[in-house]
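What follows is a set of notes on a single structure, which appears directly below.
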Amino acid sequence: MPTKLQQKLFHEMEQKDIFRQVQQYAFDYLDNVPGRNVYPTSAAIADLDKFVGEMPESTGNAAEVLEQLNEYGAPASVATTGGRYFGFVNGGVLPASLAARCLADFWDQNTALYVMSPIAAKLEEVCESWLRELLGLPGKVVAGFVSGTSLAIFCGLAAARYRIFKSADWDINKMGFYGAPKIRVVAGRQAHGTVIKAITLLGFGVDNIEWIATDEQGRMIPSEIPELDENTILILQAGNVSSGAFDAFDEICAKANTANAWVHIDGAFGLWAAASGRLKHLTKGMEKANSFSVDGHKTLNTPYDGGIVLCNDKEALTCALHASGSYIAYGDDRDGMLYTPEMSRRARAIELWAALKYLGKEGVDELVYGLHQRAVQIAQELKGEGFQILNDIVFNQVLVACESDEITNRTMQFIQKSGECWVGGASWNGKAVIRISVCSWATTEKDVTRSVKAFVAARNKAI
Ligand SMILES: *Cc1c(COP(=O)(O)O)cnc(C)c1O
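Residue numbers are given in our numbering: position 49 of the sequence shown equals residue 145, and the series is strictly consecutive.
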């Protein structure tokens, strides 16, 4: 006899009512998103208190659980999938990729080993090969599918650490850091916070970073790079998180290659420029690097969470992330956990595959270049309205300022309150700025113009 709980669960699975219910909620959400306030209203945020309370003593009703989630959850979500969210660097979601994820969620596959999920392993392999081709990377480059760029950077730098120590006859896995030779870490002043996090996690220590000065766009100044050697990890950037600027890969990588230094390129959103014929001049020479980190969930608009580490040294990557146990049988087929820190992991390659398969090379180009075009448009229209644009619009990022820091900050707050669009702030070369990141396929020319109106209205209130 099935237990009482089992009977309930079998019932849900057989009836499928909750799945139909959720489908309807999801469809209503999709229909609602284009027109709704981008940021939740204060009433919606206050209603989140409805979730606060004691954990139930006994098993409840699934339909009611989902009803509560939809009623109070959906209005308090941020409309990042719509066309007028420009905060941080987020990214919308492609329908085919989202749908593939929904289907794959029913499969609930674990990607640790081939034997756990041949389909997940196969699609990881296919994505790896397509990404190499799309981004113009050498045939020996392998990919690990992780939660995002934070972890992808960690993996790339772990591979670097393994390889550099190994070349000095030091097995870091066995011997650890005690008495180890020194590895130098060289990074630009504008390195992303997650680069610093990875450096910390890997035990290098922030105080040991050799910082390289950057220019007014946030690019590393090549002449400031010190003599490199085979004990050096050099971290470059494809897409500065504020300005969108790219380091001069061709020149810098050539120098690093000659010195036999390891180069990691953090290209969370910017690496995709390499997949657009009209933007790939920005990434010229990047194929000379050793490892790369990139997100699916930003520029490519796959659902959260999906990032990729790419590495031209399979042995270093897999040895750095190696795990073992008597029950783990690595086979000749692809065992995903060799390429990632996690063992159990959901099959992120499925929605990535769906995005790439659906878009094709032309679609990726159109998506990526389209983000750039909208960024150029928003910068032009804002300039026309008297706003200052502080960066060169090389990719999808736009930095905006008003006549004083105070007016800039107040304008930003009024924009956020308006619900018309959402933008965040930062400081750029000592000045307060409003950061715009165009990274959803859903942003249209009309969304841009409507958002510019919101900027003007907010500034009128702020001055
Ligand atoms: C977003 C971002 C990261 C971190 O990526 P996550 O996917 O959020 O982990 C790292 N570097 C840059 C340049 C980014 O834009």
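Note that the Cβ used here is the ideal one computed from N, Cα and C, for glycine as well.
CB contact flag (residue i, residue j, <9 angstroms)
i	j	result
tryptophan 383	alanine 355	Sequence check: residue 383 is glutamate here, not tryptophan. No, these two residues do not count as a Cβ contact at 9 angstroms.
cysteine 407	alanine 208	no
leucine 486	valine 472	no
asparagine 525	glutamate 320	no
leucine 231	threonine 379	yes
leucine 162	tyrosine 121	yes
phenylalanine 523	glycine 187	A small correction: the amino acid at residue 523 is serine; phenylalanine does not occupy that position in the sequence shown. Not in contact: serine 523 and glycine 187 (Cβ atoms no closer than 9 angstroms).
valine 390	threonine 245	yes
aspartate 429	proline 214	yes
alanine 445	alanine 195	no
glycine 366	arginine 315	no
phenylalanine 342	glycine 335	yes
arginine 197	proline 399	yes
alanine 287	glutamine 333	yes
glycine 561	glutamate 447	Outside the displayed range of the chain (97 to 559) lies residue 561, so it cannot be described from this structure.
alanine 192	alanine 443	no
isoleucine 305	isoleucine 292	yes
serine 533	glycine 183	yes
isoleucine 331	isoleucine 279	no
aspartate 501	lysine 527	yes
asparagine 327	alanine 264	yes
glutamate 220	alanine 158	no
leucine 144	proline 437	no
alanine 364	valine 185	yes
N-terminal and C-terminal residue of the beta strand (DSSP E) that residue i is part of
i	result
threonine 328	328-333
isoleucine 361	358-362
cysteine 576	It is not possible to answer for residue 576, since the shown part of the chain is limited to 97 through 559.
lysine 527	527-533
serine 243	It is not in any beta strand (DSSP E) - serine 243 carries neither H nor E in the DSSP assignment.
glutamine 493	493-497
alanine 283	280-284
valine 390	387-391
Residue i - containing alpha helix (DSSP H), residue span
i	result
valine 464	444-480
tryptophan 368	Neither: tryptophan 368 is in no alpha helix (DSSP H) and is coded neither H nor E.
aspartate 346	345-355
arginine 570	This structure gives no information on residue 570, because the portion of the chain shown stretches from 97 to 559.
tryptophan 524	Unbroken run through tryptophan 524 is the beta strand (DSSP E), 520-524; no alpha helix (DSSP H).
asparagine 124	A small fix is needed here, since residue 124 is aspartate in this sequence, not asparagine. Unbroken alpha helix (DSSP H) run through aspartate 124: 113-128.
valine 161	158-164
valine 490	Unbroken run through valine 490: none, as it is neither H nor E.
tryptophan 266	Segment: none, tryptophan 266 is in no alpha helix (DSSP H) and carries neither H nor E.
tryptophan 226	214-231
Cutoff 7 angstroms; reference residue i; Cβ partners in own chain excluding five residues on either side
i	result
serine 440	Asn206, Ala208
threonine 545	Glu477
alanine 140	Pro171, Ala172
serine 338	Gly314, Gln493, Leu495, Ala522, Trp524, Arg531
arginine 259	Trp358, Asp409, Ala412
valine 118	Leu162
Cutoff 6 angstroms; reference residue i; Cβ partners in own chain excluding five residues on either side
i	result
lysine 294	The sequence given here places alanine at residue 294; lysine does not occur at that position. The residues are Ile249, Phe250, Leu253.
glutamate 150	none
alanine 385	Cys349, Val359, Ile361
phenylalanine 261	Ile268
glutamate 224	Ala239
leucine 233	Glu383
lysine 236	Asn408
Same chain, Cβ closer than 8 angstroms to residue i, neighbours up to 5 away in sequence not counted
i	result
isoleucine 503	Arg555, Ala558, Ile559
leucine 478	Ile485, Val494, Val496, Val548, Phe551
threonine 137	Pro171, Gly515
aspartate 325	Arg280, Ala355, Asn356, Ala357
glutamine 512	Tyr135, Trp518, Val519
proline 130	Gly178, Gly179, Ala538
isoleucine 114	Glu108, Ala158, Ala159, Leu162
CB-CB length for residue i against residue j, believed under 8 angstroms
i	j	result
tyrosine 181	valine 134	5 angstroms
glycine 427	tyrosine 210	5 angstroms
phenylalanine 510	cysteine 498	Not really, about 11 angstroms apart at Cβ, beyond 8 angstroms.
Given 8 angstroms, three or more beta-carbon pairs between the segment 249-257 and the segment 357-366
yes
Any contact of the segment 430-445 with the segment 173-184, i.e. 3+ C-beta pairs under 8 angstroms?
no
Counting pairs of Cβ atoms below 8 angstroms between the segment 366-384 and the segment 463-482, do you hit three or more? yes
**Asked** Any chance the segment 390-410 sits against the segment 456-465, with 3 or more Cβ pairs inside 8 angstroms?
**Response** yes
- Task: State whether the segment 503-519 contacts the segment 448-458, with contact taken as three or more CB pairs (one from each stretch) at a distance under 8 angstroms.
- Result: no
Any 3 or more C-beta pairs closer than 8 angstroms across the segment 109-123 and the segment 155-173
yes
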